[in-house]
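Sequential numbering of the sequence shown, starting at 1148, is according to the numbering used here.
Accompanying notes for the structure given below.
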Amino acid sequence: MASSPNIAIMGAGIFVKTQYIPRLAEISNLIVLKAIWSRSEVNTEPQFLLRRFNCFIQSRISYLCAFQESARAAVEIARRHFPDVECKWGDKGLNEILNDESIIGAAVVLAGQTQVEMSLKLLKAGKHVLQEKPAAASAREIEAALSGYKSICAKTPGQPIWAVAENYRFEPAFEEGKRLMAEVGEMINVQVIIEGSMNSTNPYFSSSWRRNFTGGFILDMGVHFIAGLRMLVGSEVATVSARTSHVDTILPPPDNISAVFQLENGCSGVFAMVVSSRSPKVVWRVVGLTGTLQIQRGSEDGRHGYLVSFFGGDGQSKSSFHAFSGVTEELKVFIRDITQASLKKECGYEAEPRLTFLEGARDVALLDAMLESGRKKGAQVEVKQF
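The structure is reproduced here in structure tokens:
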């Protein structure tokens, strides 16, 4: 039996502490978390910042988010489950991870603007990478990233895996929805309606990188919903026409988008997303000749997840609730893939398709086309295919 692989986490922010560490703890029998890296061990001295920004509530929130991103804070949480995890920070810590041959994989959970650069550094060092979504900021960055990855694979034995963590492709609700699509028959129309809840109560609201990111929260949040769409319909989107606007000025622009799209199979649909709404709602609906599939976010018995419903042509319906578990499932698959890839280094190993960088790239390319169309006042834009 192969020994558990050593991995590192690059980043120490909110998602690392609330999702990665707890989810990895659930499967601690499968991996060894050897290190957590951040730009700094601790960000700054708290009392100084509190005095300096005493009159500015927003700055206090930003400070708290920044202070929580220190490597030391994340390591203290992780040691409850991984007592030997090491704290790494700065250039020195990064180089130690890059040169540590015992670390075969890394999760990159950083600001969206820096993730591709970090991922390529790790891949060049021979590490397998699970990069948090979004895969990149634009179709242009994707092209450059894929070129860099191709060059690395040509020079690196065993071709390191570059995966993108898009948990929606691993949510049981979407796996069930994909299965039920066979009962929908020929598709007539597709609808994706998103009314988000990104306000001051959300821990990511004050995230500076998201506010300065191309596409703002539309891109960062939207890739999830696009991933769900693409998984269900099983056909790529060929063209889009969209309108965007900026209504809620406490959010970065744009804060809403309405798009009409056409799939390569000829079916058309709509994608409407509002970043912050008073009445949050998330729903996918596929109408076909023999039935209609709907997946809607909700809760049951205190668990959050999705209700999957199928409405047949005979007036009958069936539904099932599936709690969120996609993050854990994608981590399991990544660990399995890098373990097998290490064992089969000489003959090659084909990673799980749902985790590939290409899948994440296609999510971004579709949203990038919608945002481009919005900038062009609704002009039809072809989606870049990868």
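C-beta: ideal position from N, C-alpha, C; glycine also.
Measure the Cβ-Cβ separation of residue i and residue j and say whether it is below 7 Å.
i                  : j                  : result
phenylalanine 1317 : glutamate 1477     : yes
tryptophan 1184    : alanine 1258       : no
lysine 1492        : glycine 1375       : no
lysine 1280        : alanine 1312       : yes
isoleucine 1308    : aspartate 1484     : yes
cysteine 1414      : methionine 1517    : no
lysine 1531        : alanine 1291       : no
valine 1098        : leucine 1180       : The shown model of the chain, from 1148 to 1533, leaves out residue 1098, and the question about it has no answer.
glycine 1521       : alanine 1389       : yes
isoleucine 1224    : isoleucine 1168    : yes
valine 1384        : phenylalanine 1408 : yes
lysine 1164        : alanine 1253       : no
serine 1354        : aspartate 1395     : no
alanine 1282       : glycine 1507       : yes
threonine 1386     : glutamine 1527     : yes
serine 1266        : tryptophan 1236    : no
glycine 1416       : valine 1511        : no
serine 1446        : leucine 1454       : no
phenylalanine 1481 : glycine 1452       : no
glycine 1473       : asparagine 1314    : yes
isoleucine 1251    : alanine 1155       : no
lysine 1479        : isoleucine 1178    : no
alanine 1182       : isoleucine 1244    : yes
phenylalanine 1533 : leucine 1514       : no
For residue i, which residues does DSSP report across the bridge?
i               : result
leucine 1277    : Ala1254, Ala1310
threonine 1391  : Ile1404
threonine 1439  : Val1434, Phe1458
asparagine 1336 : Ser1415, Val1434
glycine 1445    : Gly1452
valine 1421     : Glu1342, Asn1403
histidine 1371  : According to DSSP, histidine 1371 bridges with nothing at all.
lysine 1239     : BP columns for lysine 1239 are empty, so no partner.
leucine 1410    : Val1384
lysine 1164     : Per DSSP, none; premise fails for lysine 1164.
threonine 1503  : Ala1310
serine 1464     : Phe1458
Is residue i buried or exposed, if buried means 16 or more other CB atoms sit within 10 Å of its CB?
i                  : result
threonine 1439     : buried
threonine 1486     : buried
histidine 1469     : buried
leucine 1277       : buried
asparagine 1246    : exposed
arginine 1109      : Nothing can be reported for residue 1109: it is not among the residues displayed for the chain, which extend from 1148 to 1533.
aspartate 1402     : buried
glycine 1449       : exposed
aspartate 1238     : exposed
lysine 1274        : buried
glutamate 1519     : buried
glycine 1324       : buried
arginine 1432      : buried
alanine 1329       : exposed
phenylalanine 1203 : At phenylalanine 1203 the pLDDT is 37, less than 50, meaning the model places this residue with poor confidence; the figure from the coordinates comes in the next sentence. Flag for phenylalanine 1203 reads exposed.
glutamine 1441     : buried
leucine 1490       : exposed
leucine 1436       : exposed
isoleucine 1341    : buried
In this structure, does DSSP put residue i in helix, strand or coil?
i                  : result
isoleucine 1204    : Residue confidence is low: isoleucine 1204 scores 42 on pLDDT, short of 50, so the model does not pin down where it sits. Its coordinate-derived value is still stated next. Of the three classes helix, strand and coil, the one that applies to isoleucine 1204 here is helix, per DSSP.
serine 1520        : helix
leucine 1327       : helix
glutamate 1192     : Model confidence at glutamate 1192 stands at a pLDDT of 37, short of 50, so the residue's coordinates are unreliable and nothing is read from them.
lysine 1428        : strand
arginine 1287      : helix
tyrosine 1296      : helix
asparagine 1153    : strand
alanine 1182       : strand
alanine 1385       : strand
methionine 1345    : coil
glutamine 1527     : coil
phenylalanine 1533 : coil
threonine 1475     : helix
leucine 1177       : coil
alanine 1470       : strand
serine 1489        : helix
glutamate 1248     : coil
threonine 1303     : coil
glutamate 1233     : strand
serine 1217        : coil
isoleucine 1397    : coil
tyrosine 1351      : coil
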